[in-house]
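> Order-wise, the sequence lines are chains G and H. Counting from 0, one number per residue, gives the positions in the first sequence under numbering that gives the first Met the number 0. Counting from 0, one number per residue, gives the positions in the second sequence under numbering that gives the first Met the number 0. Note that beta-carbon positions come from the ideal geometry of N, C-alpha and C, so glycine has one too. Model, not experiment: these values are computed from the prediction.
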Amino acid sequence: MPKALLSGDEAIARGAYEAGCKVATAYPGTPSTEILENMTQYREIYSEWSTNEKVAFEVAMGACLAGARSLVAMKHVGLNVAADPLFSSAYIGVKGGFVIISADDPGLHSSQNEQDNRFYGLFAKIPVLCPSDSQESKDFVKLAFDISEQFDIPVIVRITTRIAHSKSVVNLEDRVEHPVKGYEKVKEKSILLPQYARLRHHSLEERLQKLAEYSVSTPINRFEPGKKTIGVIADGVAYQYAREIFPKASFLKLGMVHPFPKNLVASFGRQVKNLYVIEEVDPFLEMQIKALGLEVLGKDALPRVDELNPRIVQNALTEKKVEVKPESGVPARPPLLCPGCPHTGLFYALQRQNIIIGGDIGCYTLAALAPHNTMDTCICMGASITFAHGVEKALGDQDKRKKVAVIGDSTFFHMGIPGLVNVTYNQGHTVTIVVDNRTTGMTGHQDHPGTGKTLLGAETKALDIAQIAKACGIEKVYTVDPYKIKETKTLVRKVLAEEGPAVIISSRPCALKVGKNPPKKVLAEKCNGCKLCMNLGCTAIEIKDDKAVINDAFCVGCGMCVEVCAREAIV
Amino acid sequence: MSKKENTNILISGVGGQGVLLFSDLLSEIAMNEGLDVKKSEVHGMAQRGGSVTSHIRFGPKVYSPLIEEGTADFLVSFEKLEALRYLHFLSPKGVLLTDTMIVEPLPVIIGLVEMPKDIDERIKNRVKKSYIIEAFKKANELGNSRVQNMVMLGALSNFLDFTPDTYHGAIRKNVKEKFIDINIKAFETGVGLV
Chain G
0 MPKALLSGDE
10 AIARGAYEAG
20 CKVATAYPGT
30 PSTEILENMT
40 QYREIYSEWS
50 TNEKVAFEVA
60 MGACLAGARS
70 LVAMKHVGLN
80 VAADPLFSSA
90 YIGVKGGFVI
100 ISADDPGLHS
110 SQNEQDNRFY
120 GLFAKIPVLC
130 PSDSQESKDF
140 VKLAFDISEQ
150 FDIPVIVRIT
160 TRIAHSKSVV
170 NLEDRVEHPV
180 KGYEKVKEKS
190 ILLPQYARLR
200 HHSLEERLQK
210 LAEYSVSTPI
220 NRFEPGKKTI
230 GVIADGVAYQ
240 YAREIFPKAS
250 FLKLGMVHPF
260 PKNLVASFGR
270 QVKNLYVIEE
280 VDPFLEMQIK
290 ALGLEVLGKD
300 ALPRVDELNP
310 RIVQNALTEK
320 KVEVKPESGV
330 PARPPLLCPG
340 CPHTGLFYAL
350 QRQNIIIGGD
360 IGCYTLAALA
370 PHNTMDTCIC
380 MGASITFAHG
390 VEKALGDQDK
400 RKKVAVIGDS
410 TFFHMGIPGL
420 VNVTYNQGHT
430 VTIVVDNRTT
440 GMTGHQDHPG
450 TGKTLLGAET
460 KALDIAQIAK
470 ACGIEKVYTV
480 DPYKIKETKT
490 LVRKVLAEEG
500 PAVIISSRPC
510 ALKVGKNPPK
520 KVLAEKCNGC
530 KLCMNLGCTA
540 IEIKDDKAVI
550 NDAFCVGCGM
560 CVEVCAREAI
570 V
Chain H
0 MSKKENTNIL
10 ISGVGGQGVL
20 LFSDLLSEIA
30 MNEGLDVKKS
40 EVHGMAQRGG
50 SVTSHIRFGP
60 KVYSPLIEEG
70 TADFLVSFEK
80 LEALRYLHFL
90 SPKGVLLTDT
100 MIVEPLPVII
110 GLVEMPKDID
120 ERIKNRVKKS
130 YIIEAFKKAN
140 ELGNSRVQNM
150 VMLGALSNFL
160 DFTPDTYHGA
170 IRKNVKEKFI
180 DINIKAFETG
190 VGLV
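1) Return the residue from the list G:A23, G:P27, G:V175 that minimises the CA-CA distance to G:V58.
2) Quick check on DSSP: helix, strand or coil for G:I91?
3) For G:T538, would you say it is in contact with chain H, using Cβ-to-Cβ distances shorter than 7 Å as the test?
4) Give the range of the beta strand (DSSP E) segment to which G:Q221 is assigned.
5) Let me make sure I understand the geometry here. Which of G:M60, G:S88, G:H444, G:L495 has the alpha-carbon closest to that of G:S355?
6) Is it right to say G:L5 is buried, meaning 16 or more other beta carbons lie within 10 angstroms of its own, or is it exposed?
7) Skipping 5 residues on each side, what residues in its chain have a beta carbon closer than 6 Å to that of G:L85?
8) Check the Cβ of H:M114 against every Cβ in chain G and list those closer than 9 Å, keeping chain order.
9) Just the chain H side, please: which residues come within less than 7 Å of G:V168 by C-beta, in chain order?
10) Rounded to whole angstroms, what's the CA-CA distance from G:E306 to G:P105? Just pull it up for me.
11) Taking G:G297 as the reference, give the member of G:K320, G:K319, G:N273, G:E318 with the closest Cα.
12) Report yes if the C-beta distance between G:R117 and G:V256 is below 7 Å; otherwise report no.
13) Counting pairs of Cβ atoms below 8 Å between the segment 118-131 of chain H and the segment 550-560 of chain G, do you hit three or more?
14) Would you check if the distance between the CB atom of H:K137 and the CB atom of H:T188 is smaller than 7 Å?
15) On the three-state DSSP scale, how would you describe H:G168?
16) Whether or not the segment 177-184 of chain G and the segment 72-91 of chain H are in contact is what I'm after, with contact meaning three or more pairs of Cβ atoms, one per stretch, closer than 8 Å; do they touch?
17) Just the C-alpha distance for H:M0 and G:E243, rounded to the nearest angstrom, thanks.
18) If you drop the 5 nearest sequence neighbours on each side, which residues of the same chain put their C-beta closer than 6 Å to that of G:Q313?
19) Any C-beta of chain H sitting closer than 7 Å to the C-beta of G:L495?
20) To which residues of the same chain is G:L207 closer than 7 Å at the C-beta, ignoring the five residues directly before and after it?
21) I'd like to know if the segment 56-71 of chain G and the segment 107-117 of chain G are in contact, where contact means that at least 3 CB-CB pairs between them fall below 8 Å.
22) Spatial neighbours of H:V150 within its chain, please: CB distance less than 6 Å, with the 5 preceding and 5 following residues excluded, ordered by chain position.
23) In chain order, what residues of the segment 116-134 of chain H put their CB closer than 7 Å to some CB of chain G?
24) When you check each C-beta in the segment 334-347 of chain G against every C-beta of chain H, which residues fall closer than 8 Å?
25) Go to H:T6, then tell me how far its beta strand (DSSP E) extends in each direction, as first and last residue.
26) Checking contacts by CB at 7 Å: is H:R84 closer than that to chain G?
27) Roughly how many angstroms separate the alpha carbons of G:G77 and G:G395, rounded to a whole number?
28) Would you mind telling me which residues of chain H sit closer than 7 Å to G:E243, beta carbon to beta carbon, in chain order?
29) Taking the alpha-carbon positions, what's the G:G456 to G:I542 distance?
30) Counting only the same chain and skipping the five closest in sequence on each side, list residues whose C-beta sits under 7 Å from that of G:F428.
31) At what residues does the beta strand (DSSP E) containing G:V403 begin and finish?
32) Take G:G225 as the anchor and find which of G:S249, G:I232, G:G235, G:P218 has the nearest alpha-carbon.
33) Which complete alpha helix (DSSP H) runs does the segment 37-96 of chain G hold, if anything under 4 residues is left out?
34) Among G:V169, G:V127, G:V80, G:V329, which has the Cα closest to the Cα of G:K2?
35) What span of residues does the alpha helix (DSSP H) with H:L86 cover, start to end?
36) With respect to the alpha helix (DSSP H) encompassing G:A15, which residues constitute its N-terminal and C-terminal limits?
Next comes the structure, spelled out in structure tokens:
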């Protein structure tokens, strides 16, 4: 059998391919993005970047109801966006197998929260599988398609960052085709009018009952014999950490965590002297173990915040505590806007204005940090425009500061448009700035409805943000090139002084997508060390011996510093 | 490097330095030698010029994809401040390989904090075996600063049991045709630096 070193994300794409999946959809989001990026190598599968997670979910569900095996992938918070169809999908069930990938981010490596999406299984009444490495990621996706078709229900495969972005050895198998069954109208199943939906709820409870029996017998919930003094129940990557620390213990490794395999857990719990449950973030398993009346140690010793690692498990649950001190006084290296980032020009223009700025989700959220400090909030996708509107309505004449929203192009398509429609409809006066870099930047340059390209590389109509803004009822719509710092500053200040509502589109492609220009130079004799250029927050500029110096290795020659310098010292 | 125990290698650097290609190559080599391998890293926001790490573990059986503090056999750092940041991951016998290169982080550039002045001294005090090499400079001399990662890989290869052919093979397989020669040259330059 051929082997490959795959990340969890790559293994999920491979699993979908081997399982005969026909349609795969997603909106990019760390740590799930690479699933669909890798899906495109399998030309048997139609893959798309959908506009947002709800759209992606419903497209994949449509494909499933047409009888195709289909998959939708998203980061944990994406499932909040798609929660509406998620709940309906459990009632309706499937025709072709339907698999939902939720990629959670314990440790908040690139997210706004640490929510534990195993609870969505319990909440929406959908089975949940949690793989522990890449091989299992592939195997569980294939199994999830089978479970989905056998029990007429969608299946969530929940991974975490350490599964998604860790590579391990995977055995590759061939694809098994599952022909598309074809669409057939079944009104009692697919039309959730109350009279039908009530019956579907009964059906769902029956399906869950059968799944509960399956959960006890499935080989992915397995007993791994060891000494009886310590028994460990664990899922996901926490299982691997537990294995490092308790090499000789008895294990109950749970691959299917919902429905919870009650009898299996009860029988395991009775066989061991000390029972530990090792899981990341919330006590999802622990709650259910305790409901069986078993005594178990979990979150009373282990943290609920941040991801786990073997050391945390060791220090929490064993006598052998280890603490290693890092070197002190090492300056932090936070992520930041890249040299030449077009967002820089826009945020430079917003500095030191007496305004309230609703931020959004993307690279530009980094402008919340020094030296820009040009953001008041980061809530969730699309919440910049709506936040600003709410603040305005609450404060009225009490606080005359302009309420501004800053949102990226991909985020604008994702969830910004309804907010902008709402501004017009409800007579708002906010200024919405779309920082349009013609790509989905933070997740690594994915196409979106404004780029004119699909995930599979086809040319398509590129939607025009200015036209959309006008169609949303905004009459004052301006476009500016943020590299032209003076022009941008003048326009921003003019719009802030006018009566709203207005939209400014700050338009310039991401610096990482275009080639470098020759680096700029500082004329030392002209530089007086005023540090005005440092307000750009560009890592290619340093101050040495009270003069600005440009680092050739990082400078992309964007020229923003040339315009910022008051002494014409940069050329 | 013993065949009975796992080898832990932590790679650190600054986003954009080619840490990921380095760790992909090394993991693939270990897999092709029939070893169990896990490597872990973080993508997304953390990559935008921030501090990045990649954990590689290989041996007879690897469970955790993460290396614990105080247990790394090797710390390979593409930048010296990042070497200092992760120094405590090295085991008491661990070996440090770091570039002399320093990239000042933004809080230093804008004057919020100062760089530590005694990095070399602290390395000497904490690590028994350390090699501070000019990989970035050598890469530039070869004509492409982006092959810094292959210079570092060459330097590390002196300590591992894999043959030169396995590295060359992995480079040929993973690097674009027109960059193969310069990457192999960079690798060989690195071999000579330790």
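Taking the definition as stated:
1) The shortest C-alpha separation from G:V58 is found at G:A23.
2) DSSP places G:I91 in helix when its eight states are reduced to three.
3) Using a Cβ-Cβ cut-off of 7 Å, G:T538 counts as an interface residue toward chain H, since at least one Cβ of chain H sits closer than that to its own.
4) Per the sequence shown, residue 221 of chain G should be read as Arg rather than Gln. 220-223 is the span of the beta strand (DSSP E), which, as asked, contains G:R221.
5) Looking at the sequence provided, one finds Ile at residue 355 of chain G rather than Ser. Comparing Cα positions, the closest option is G:L495.
6) Counting the other CB atoms within 10 Å of its CB gives G:L5 a total of 16 or more, which places it among the buried residues.
7) The beta carbon of G:L85 is closer than 6 Å to those of A123 in its chain, skipping five residues each way along the sequence.
8) Near H:M114 (Cβ distances below 9 Å), the residues of chain G are P330.
9) Within 7 Å Cβ-Cβ: M30, D35, V36.
10) Using only the alpha carbons, I get a separation of about 5 Å.
11) The shortest Cα separation from G:G297 among G:K320, G:K319, G:N273, G:E318 belongs to G:N273.
12) Yes, these two residues count as a Cβ contact at 7 Å.
13) Judged by Cβ distances under 8 Å, the segment 118-131 of chain H makes no contact with the segment 550-560 of chain G, as fewer than three pairs qualify.
14) Yes, the pair counts as a contact, with Cβ atoms nearer than the cut-off.
15) Helix at H:G168.
16) Note that the segment 72-91 of chain H does not touch the segment 177-184 of chain G; fewer than 3 beta-carbon pairs, one per stretch, sit closer than 8 Å.
17) Caution applies to H:M0, whose pLDDT of 48 falls short of 50 and renders its modelled position unreliable; the value that the coordinates give is listed next. Those two C-alpha atoms are separated by around 20 Å.
18) Hits under 6 Å: I244.
19) Chain H, which has no Cβ nearer than 7 Å to the Cβ of G:L495, makes this no.
20) These residues qualify, in order along the chain: K124, P258.
21) Taking 8 Å as the limit for Cβ pairs, the verdict is that the segment 107-117 of chain G does not touch the segment 56-71 of chain G.
22) Within the same chain, H:V150 has close Cβ partners A134, K137, A138, A185, T188, G189.
23) Listed by position along the chain: R121.
24) Cβ contacts with chain H: P334, L335, L336, C337.
25) It spans 6-13 - the beta strand (DSSP E) in which H:T6 sits, taken as one unbroken run.
26) Taking Cβ atoms only, chain G reaches closer than 7 Å to H:R84, which makes this a yes.
27) Near 33 Å, if we compare the C-alpha coordinates of G:G395 and G:G77.
28) Result: Y62, S63.
29) Rounded to the nearest angstrom, the two C-alpha atoms are 44 Å apart.
30) In the sequence as presented, Phe is not what sits at residue 428 of chain G; that position holds His. If we look at G:H428 and ignore the five residues flanking it on each side, its Cβ neighbours are E391, E498, G499, P500.
31) Unbroken beta strand (DSSP E) run through G:V403: 401-407.
32) Just measuring C-alpha positions, the residue of G:S249, G:I232, G:G235, G:P218 sitting nearest G:G225 is G:S249.
33) Taking only runs of at least 4 residues, the alpha helix (DSSP H) segments lying wholly in the segment 37-96 of chain G are 52-64, 75-80, 82-91.
34) Of the candidates G:V169, G:V127, G:V80, G:V329, the residue whose Cα lies closest to the Cα of G:K2 is G:V169.
35) Here H:L86 belongs to no alpha helix (DSSP H), and DSSP marks it neither H nor E.
36) Bounds of the alpha helix (DSSP H) holding G:A15 are 7-17.
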